[in-house]
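Numbering (this note's numbering), first residue to last: -14 to 262.
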């Protein structure tokens, strides 16, 4: 075999493994969905949960706090920070804003359970998450690849890994994309925003889910056309949150989805077209 061909095969192997696993998972999940629908069973078992305690003013406070933090951390145009520092700043901003929002909402009467973080159902939440991942990852990979052929996918993490492949860089990317982003984004979009919308659209939960999903996808504008495949992902996440009143399975699913993206990024010499939410 030509020596030049071996690296190409080696570079393509991770994508091939992910693709085969994604196809197999999709077929399994689609069969599971079909069987549950035929038997008249819900796709996700509903859990009783009370409406959230916060109102529109509280949501506005959280949004303003996040935007204020982002403006304070934004690098000056004449002296931009290195990408490593910007990613680290974003981790601090996400966690800091989340903790500040939880403190404010707690002061306003919210409980730990109303944050959608109640435990005790870890196995069930993981089951919901990996079934959801199996259902969405293959079509979203194909959708993202098609869109990337039209408009190239852009993301700070892609730029960051294009110039750095050190252990510290990989650890920061994993922390940012697989841990912090799923936790913070599910809290803000699926609990704070969608939870409030569910109160106002109590007779039409799909409106609340759709509006939250739209906000989530638009928050990722500026990354090529990545916001388009992120919308159906957000719809699945929102459906799970609406049915369970919990963001724990949503965080698991979001983290797994981003982990697939990070795996492909770290295993390839050039970044593949896979959006990370």
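Note that the Cβ used here is the ideal one computed from N, Cα and C, for glycine as well.
Being a predicted model, the structure only gives us computed values, none of them experimental.
Exercise for the section: Using only alpha-carbon positions, find the residue among 75, 69 and 121 that is nearest to residue 9. Expected result: As a first step, residue 9 is located in the chain shown; it is residue number 24 there, counting from the start. Of the candidates 75, 69 and 121, the one whose C-alpha sits nearest the C-alpha of residue 9 is 121.
Handout entry: Three-way DSSP call (helix, strand, coil) for residue 186 in this model
Key = If you number the chain shown from 1, residue 186 lands on position 201. DSSP places residue 186 in coil when its eight states are reduced to three.
Practice task
Report the rounded CA-to-CA distance for residue 95 versus residue 168, giving the unit in angstroms.
Solution key: Taking the chain shown and counting its residues from 1, the one referred to as residue 95 is at position 110. Taking the chain shown and counting its residues from 1, the one referred to as residue 168 is at position 183. Their Cα atoms are separated by approximately 18 Å.
Exercise for the section: Assign residue 42 to buried or exposed, taking buried as 16 or more other Cβ atoms, counted over all protein chains shown, within 10 Å of its Cβ. Expected result: If you number the chain shown from 1, residue 42 lands on position 57. Flag for residue 42 reads exposed.
Handout entry: First and last residue of the uninterrupted alpha helix (DSSP H) at residue 242
Key = Taking the chain shown and counting its residues from 1, the one referred to as residue 242 is at position 257. For residue 242, the enclosing alpha helix (DSSP H) starts and ends at 233 to 252.
Handout entry: Own chain residues within Cβ distance below 8 Å of residue 91, not counting five before or after
Key = Within the chain shown, the letter at position 106 stands for residue 91. Beyond the five residues adjoining it in sequence on each side, residue 91 comes within less than 8 Å, by CB distance, of no other residue in the same chain.
Practice task
Output the distance between the C-alpha atoms of residue 146 and residue 73, rounded to the nearest integer angstrom.
Solution key: Numbered from 1 along the chain shown, position 161 holds the residue referred to as residue 146. Numbered from 1 along the chain shown, position 88 holds the residue referred to as residue 73. The straight-line gap from Cα to Cα measures roughly 14 Å.
Practice task
Give a yes or no on whether the C-beta atoms belonging to residue 7 and residue 123 are separated by under 8 Å.
Solution key: Taking the chain shown and counting its residues from 1, one reaches residue 7 at position 22. Taking the chain shown and counting its residues from 1, one reaches residue 123 at position 138. Contact: yes.
Exercise for the section: Less than 8 Å between the CB atoms is what I'm expecting for residue 75 and residue 195, so what's the real figure, rounded? Expected result: Within the chain shown, residue 75 is the residue found at index 90, counting from 1. Within the chain shown, residue 195 is the residue found at index 210, counting from 1. That belief does not hold up - the Cβ atoms of residue 75 and residue 195 are roughly 27 Å apart, past 8 Å.
Problem - Between the CA atoms of residue 11 and residue 30 - distance to the nearest angstrom - result: The residue you call residue 30 lines up with position 45 of the chain shown. The residue you call residue 11 lines up with position 26 of the chain shown. Going from the Cα of residue 30 to the Cα of residue 11 covers about 20 Å.
Problem - Check: residue 41 C-beta below 7 Å from any heavy atom of the ligand NAD - result: With respect to the ligand NAD, the structure shown offers nothing to examine, as it has no ligands at all.
Exercise for the section: Tell me the start and end of each unbroken alpha helix (DSSP H) in the stretch 104 to 141 that is at least 4 residues and wholly inside, in chain order. Expected result: Counting whole runs of 4 or more residues, the stretch 104 to 141 contains the alpha helix (DSSP H) stretches 107 to 135.
Practice task
Quick one: grab the DSSP three-state call for residue 81.
Solution key: Counting from one through the chain shown, the residue named residue 81 turns up at place 96. Note: residue 81 maps to helix in three-state DSSP.
Exercise for the section: For residue 192, name the three-state secondary structure that DSSP assigns. Expected result: Residue mapping note: residue 192 aligns to position 207 of the chain shown, counting from 1. Note: residue 192 maps to helix in three-state DSSP.
Practice task
Report the residue ranges of all alpha helix (DSSP H) runs contained in full by the stretch 140 to 171; include only those spanning at least 4 residues, in chain order.
Solution key: 141 to 148, 152 to 159 and 166 to 170
Practice task
Return the chain-ordered list of same chain residues with a C-beta closer than 7 Å to the C-beta of residue 93, the five sequence neighbours on each side being excluded.
Solution key: Taking the first residue of the chain shown as position 1, residue 93 is located at position 108. Here residue 93 has 38, 39 and 43 as same chain residues with Cβ atoms under 7 Å from its own Cβ, once five neighbours each way along the sequence are excluded.
Problem - Local conformation of residue 210 per DSSP, three classes - result: Working through the chain shown from its first residue, we reach residue 210 at position 225. DSSP places residue 210 outside both helix and strand once states are collapsed to three, so it counts as coil.
Problem - Distance, residue 130 Cα to residue 188 Cα - result: On the chain shown, position 203 is the one that residue 188 refers to. On the chain shown, position 145 is the one that residue 130 refers to. Roughly 37 Å separates the two Cα atoms.
Problem - Cα-Cα separation between residue 125 and residue 143, rounded to whole angstroms - result: As a first step, residue 125 is located in the chain shown; it is residue number 140 there, counting from the start. As a first step, residue 143 is located in the chain shown; it is residue number 158 there, counting from the start. Linking residue 125 to residue 143 through their CA atoms gives a straight-line distance of about 18 Å.
Exercise for the section: Please classify residue 101: is it buried, with 16 or more other beta-carbons within 10 angstroms of its beta-carbon, or exposed? Expected result: In the chain shown, the residue the question calls residue 101 occupies position 116. With 16 or more Cβ atoms within 10 Å of its Cβ, residue 101 is classed as buried.
Practice task
On a CA-only basis, which of 52, 166, 244 and 154 is nearest residue 69? Give me that one, please.
Solution key: As a working note, residue 69 is residue 84 in the chain shown. Nearest of 52, 166, 244 and 154 to residue 69, Cα basis: 154.
Exercise for the section: Give the straight-line distance between the Cα atoms of residue 118 and residue 67, rounded to the nearest whole angstrom. Expected result: Taking the chain shown and counting its residues from 1, one reaches residue 118 at position 133. Taking the chain shown and counting its residues from 1, one reaches residue 67 at position 82. Each residue's alpha carbon lies about 33 Å from the other.
Exercise for the section: Label residue 57 either buried or exposed according to how many other C-beta atoms from any shown protein chain fall within 10 Å of its C-beta, with 16 as the threshold for buried. Expected result: Against the chain shown, residue 57 aligns to sequence position 72. By the Cβ-count criterion, residue 57 is exposed, with fewer than 16 other Cβ atoms from all chains shown falling within 10 Å of its own Cβ.
Exercise for the section: Look up residue 94 in the DSSP assignment and say whether it is helix, strand or coil. Expected result: Taking the first residue of the chain shown as position 1, residue 94 is located at position 109. Coil, per DSSP.
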